[in-house]
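A short worksheet on the structure shown next.
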Amino acid sequence: MILIGQHIVPETNEQRRFVDYCIGLFPQLMTKNAVKKAIKKEELFVNGSLATSGLFMKKGDIIDLIDNQKRLLKAFPLDVEIVFEDDYFVIVNKPSGLVVSGNMFRTLENAMVDKALPSTQQDKNQHVKPVHRLDAATSGLLIMSKTATAHRSLAKLFENRQIQKVYHAIVSGEFEDKKGSINQDIRGQYAETDFEVKKIVSSLRSEKLSLIELTPKTGRTHQLRIHCAAMGIPIVGDQLYGEEGKTMLHKGLFLVATSLIFNHPITDDLVVVEIEIPNKFESLMEREERRWNRFKLDDSQGN
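Residue numbers (my numbering): 1348 to 1650.
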């Protein structure tokens, strides 16, 4: 049994049941369904006892999220780029279309079995474990822990918003401003995203396509996708929040996590990891611009 995260309930006047209180409490429990699964798998404890959904929380209650390490993962044959590695964690470049973890074979967690160098620490994990999540359709940088201590510490950094994440996306349309913030609640919770426009091209499909940089200040589920869609400029390839006819089926989601900046949880050294934007981003922008120019040329010659 490995302790992944711990939370002490602060003073609160709000009566909340355990299953509702835990939503978003740890990076692994971003939905009510995830909390229920963790309870069923006996991974959640309150004051040292197994948690139950209907328990009402009170000040001072200690919530523990543990990994009982009952699962023996089978390696999924897929090459995954390791961008950073030391004795405590790895940072990988997750491919688009790959689920991070879950009760299936084709996951990032399975693909990383025996891919990282073994840790020399006493509290090493059986295999590297994801500390946070990216949507299956989103590609880019993701941290996976090698030790229980690193996992707890990294999870705490995420919880305290001490890890700066930067994403790049292509959206259908353009912002009125080149730089700014999107402030819009998501499921009743405050959510904020900074944006900066990097490039705009004309598009026959969408009139304009914009390459933008996104920096989430909060960590709500699907935050970037929801915020862009709410601004009327959905991320290209977003079949969940995008506009019908503008999703570019079979092209994938044009959203990638490109940068992570934080202080190492063990050494306190500054960790800065960045990757290039995938080739398909630039290819799409160039292709749409060529089509627009060709159409305009044909139109002018026809007149």
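All C-beta atoms, glycine included, are put in the ideal place defined by N, C-alpha and C.
Please state the DSSP three-state secondary structure of residue i.
i	result
residue 1373	coil
residue 1562	strand
residue 1356	coil
residue 1406	coil
residue 1578	coil
residue 1644	helix
residue 1473	strand
residue 1618	strand
residue 1634	helix
residue 1522	coil
residue 1587	coil
residue 1624	coil
residue 1573	helix
residue 1554	strand
residue 1361	coil
Report, in whole angstroms, the separation of the C-beta atoms of residue i and residue j, which I expect to be a contact under 8 angstroms.
i	j	result
residue 1562	residue 1513	5 angstroms
residue 1635	residue 1548	6 angstroms
residue 1350	residue 1411	6 angstroms
residue 1493	residue 1537	About 33 angstroms separates the two Cβ atoms, so there is no contact after all.
residue 1531	residue 1576	Their Cβ separation, rounded to whole angstroms, is 10 angstroms, which puts residue 1531 and residue 1576 out of contact at 8 angstroms.
residue 1428	residue 1413	Contact doesn't hold; Cβ gap of about 30 angstroms is too wide.
residue 1372	residue 1510	Wrong, their Cβ atoms sit about 17 angstroms apart, outside the cutoff.
residue 1618	residue 1609	6 angstroms
residue 1297	residue 1553	For residue 1297 there is no data in the structure shown, the boundaries of the chain being 1348 and 1650.
residue 1432	residue 1458	About 15 angstroms; that fails the 8 angstroms criterion.
residue 1477	residue 1506	The Cβ separation is near 15 angstroms, so there is no contact.
Which one or two residues does DSSP pair with residue i in a beta bridge?
i	result
residue 1427	BP columns for residue 1427 are empty, so no partner.
residue 1351	Looking at the DSSP assignment, residue 1351 forms no beta bridge with any residue, so it has no partner.
residue 1529	1540
residue 1460	In DSSP, residue 1460 forms no bridge with anything.
residue 1492	1436, 1476
residue 1446	1454
residue 1547	1557
residue 1396	1393
How is the alpha helix (DSSP H) around residue i delimited, first residue to last?
i	result
residue 1485	That residue, residue 1485, is in no alpha helix (DSSP H); it is neither H nor E in DSSP.
residue 1664	In the structure displayed, the chain extends from 1348 to 1650; residue 1664 sits before or after that span and is not available.
residue 1365	1365 to 1368
Counting along the chain, where does the beta strand (DSSP E) carrying residue i start and finish?
i	result
residue 1515	1511 to 1519
residue 1496	Per DSSP, residue 1496 belongs to no beta strand (DSSP E); it is in the alpha helix (DSSP H), 1495 to 1506.
residue 1422	Premise fails: residue 1422 is in no beta strand (DSSP E) and is neither H nor E.
residue 1605	1602 to 1610
residue 1438	1436 to 1441
residue 1391	1391 to 1393
- Are the segment 1544 to 1557 and the segment 1565 to 1576 in contact at 8 angstroms, needing three or more beta carbon pairs? Cβ pair count under 8 angstroms is below three, so no.
- Stretch-stretch touch, CB-based, cutoff 8 angstroms, three pairs: the segment 1438 to 1450 with the segment 1479 to 1487: yes
- Task: Could you tell me whether the segment 1395 to 1402 touches the segment 1358 to 1368, where touching means 3 or more Cβ pairs closer than 8 angstroms?
- Result: Using a Cβ-Cβ distance cut-off of 8 angstroms, the segment 1395 to 1402 and the segment 1358 to 1368 are in contact, since at least three pairs of beta carbons, one from each stretch, lie closer than that value.
- Should the segment 1601 to 1620 be regarded as contacting the segment 1495 to 1503, the criterion being three or more beta carbon pairs within less than 8 angstroms? yes
- Message: Within 8 angstroms, do at least three Cβ pairs link the segment 1376 to 1392 to the segment 1422 to 1432?
- Response: no
- Counting pairs of beta carbons, one from the segment 1580 to 1590 and one from the segment 1513 to 1533, are three or more of them closer than 8 angstroms? yes
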